[in-house]
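Protein chains in written order, with the numbering used here: chain A, 51 to 192; chain B, 1327 to 1513.
Just so it is clear, CB atoms sit at the ideal spot from N, CA and C, and this is done for glycine as well.
All of these numbers come straight from a predicted model, not from anything done at the bench.
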């Protein structure tokens, strides 16, 4: 092999596909040897840097050590607790409102009863009092 | 029992379905890898954690359908690759084309006791690869990260991505060619 490795041959080399003639060429050709070594070194450094970066970024673990709780089950537990915490006060508030509404209704009915049970209309009440007074005067004069 | 075809974490095919019953252990064992792929793809820790959570949530929901036809690791990686793809596509801004996080990621080097000069040279190389990777088309970037970060074999990448072996290789060749040129390789 006289010419340098092609870009595709270099790419194939990087994933482990290499012919014996190419291996021989890389051993004999300083330029191709340097190119292969440079790229291998860059890729290895890149992979190592990403792995290290990732390892140090992993802070939150989905499962706490030493606990038998299945991951994400806490989401359902939290949702249930939230539902319960919200539903109970709402139910109590609704009960209180119902009680107040019943009291108001009872008061209203009582007032209506008073109004209905009057013998004469409210505006006629002063006149009725006068008539009652006159009748009593007549009775006493007889 | 036939071992599932995978590199690294080979598991029993019959045992795979049983293994998933202990889901806490599954999360503990595979969280780092799933999160790492999401982080390398998205370069956003919060987004990567969300994607990793979603991945395990989907796995938990779909555990009944897992028959051990592939390894648990391959199955989880299939899920996370799809989630990352959906997330990238759903973002209107082409965040990968920006270089916002590259500096942070590139400067995160393992402290191997190297000299300042060697360290600076390594950082420069890593940064160049990050920038080159950032400009790769989505499929090329995915196979590139699976190969050179996750160190998967071509067959396993094919299983994870659902691509044919030959297609995976073509994406890898193209990605490598781009990375090589953009990191100062000869023309």
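The Cβ atoms of residue 99(A) and residue 1505(B) do not sit closer than 9 Å to each other. The three-state secondary structure of residue 1396(B), taken from DSSP, is coil. Proximity of residue 134(A) to chain B, defined by a Cβ-Cβ separation below 9 Å, is not satisfied.
Each residue's CA atom was taken as its position, placing residue 1469(B) and residue 1463(B) some 10 Å apart. According to the DSSP assignment, residue 64(A) belongs to the alpha helix (DSSP H) that extends over 57-64. Pairwise C-beta distances place the stretch 1493-1502 of chain B in contact with the stretch 1470-1485 of chain B, as three or more of them are shorter than 8 Å. In the structure shown, residue 1403(B) adopts helical secondary structure according to DSSP, grouped into three states. Residues of the stretch 1487-1505 of chain B that bring their beta carbon within less than 9 Å of a beta carbon in chain A comprise 1495, 1498, 1499, 1500, 1501, 1502, 1503 and 1505, in sequence order. For the stretch 1472-1484 of chain B, the set of residues with a beta-carbon nearer than 8 Å to any beta-carbon of chain A comprises 1473, 1474, 1475, 1477 and 1480, in chain order. Straight through space, the alpha carbons of residue 1383(B) and residue 84(A) are spaced by roughly 46 Å. The stretch 1373-1383 of chain B makes contact with the stretch 1399-1417 of chain B, as at least three CB pairs between them are under 8 Å. Contact between residue 1365(B) and residue 1359(B) does not hold, since their C-beta atoms are separated by about 11 Å, which reaches or exceeds 8 Å. Judged by DSSP in its simplified three-state form, residue 54(A) adopts coil rather than helix or strand. Contact of residue 1392(B) with chain A by beta-carbon distance below 7 Å is absent, the smallest such distance being about 16 Å.
With respect to chain A, the C-beta atom of residue 1511(B) has a partner C-beta closer than 9 Å.
If you draw a straight line from the Cα of residue 1394(B) to the Cα of residue 76(A), it is about 42 Å long.
Contacts with chain A (Cβ-Cβ distance below 7 Å) from the stretch 1347-1368 of chain B involve 1349, 1350, 1353, 1354, 1357, 1358, 1361, 1362, 1365 and 1366, listed in chain order.
DSSP, read as helix, strand or coil, puts residue 1489(B) in coil. Taking C-beta atoms under 8 Å as the contact rule, residue 1466(B) and residue 1501(B) qualify, at a distance of about 4 Å. Proximity of chain B to residue 58(A) at the Cβ level (cut-off 7 Å) is accounted for by 1499, in chain order. Among the residues facing chain B, residue 83(A) is not included, as its CB has no counterpart in that chain under 9 Å away. The Cβ-Cβ distance between residue 108(A) and residue 1361(B) falls below 9 Å. Rounded to whole angstroms, the gap between the alpha carbons of residue 102(A) and residue 139(A) is 50 Å. Residue 1348(B) sits in coil when the DSSP states are folded into three classes, being neither helix nor strand. Around residue 1488(B), the same chain offers 1404 as residues with beta carbons nearer than 8 Å, after the five sequence neighbours per side are excluded.
Among the residues of chain A, those whose CB is under 7 Å from the CB of residue 1448(B) are 95, following chain order. Sequence-distant partners of residue 1353(B) (beyond 5 residues in either direction) whose C-beta falls short of 6 Å from its own C-beta, in its chain, are 1382. Taking C-alpha positions only, residue 1447(B) is separated from residue 63(A) by approximately 24 Å.
Per DSSP, reduced to three states, the secondary structure at residue 1372(B) is helical.
Listed along chain A, the residues sitting closer than 8 Å to residue 1454(B) by beta-carbon distance are 92. Under the Cβ criterion of 9 Å, residue 1374(B) is counted among the residues facing chain A.
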